[in-house]
Amino acid sequence: MIKIRLMEEREEIKIIIENISHINDVRILSLSDFYANRGGASDYGRIYMEVEKKDAV
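Counting from 0, one number per residue, gives the positions in the sequence shown under numbering that gives the first Met the number 0.
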């Protein structure tokens, strides 16, 4: 299992997650998000992901 932390604008994070989900041998286990009003950009935040290889037991 790999834990990933993404910090970016909401739309950019969505694109990254979509790209990861299209990798054939990777499964996304969990996503947890936190968006903060930082510098006036309310859509900026971070997401924590856990992924693993699909054949992992």
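Virtual Cβ for every residue (Gly too), placed ideally from N, Cα, C.
For residue i, count the other beta carbons within 10 Å of its own beta carbon; 16 or more makes it buried, fewer makes it exposed. Which is it?
i	result
I46	buried
Just how far apart, CA to CA, sit residue i and residue j?
i	j	result
E17	K2	16 Å
L28	M0	9 Å
E61	S31	Within the shown structure, residues of the chain are numbered from 0 to 56, placing residue 61 beyond reach of any answer.
I14	I22	13 Å
M6	I12	8 Å
D54	R4	23 Å
F33	V25	23 Å
Closest to residue i by C-alpha separation, out of the options, would be which residue?
i	options	result
M48	D24, I19, D42 and N23	I19
State the CB to CB distance for the pair residue i and residue j, rounded to an integer number of angstroms; the pair is presumed to be in contact (CB under 8 Å).
i	j	result
E10	Y43	Their Cβ separation, rounded to whole angstroms, is 10 Å, which puts E10 and Y43 out of contact at 8 Å.
The beta strand (DSSP E) that contains residue i, what's its start and end?
i	result
K52	Y43 to K52
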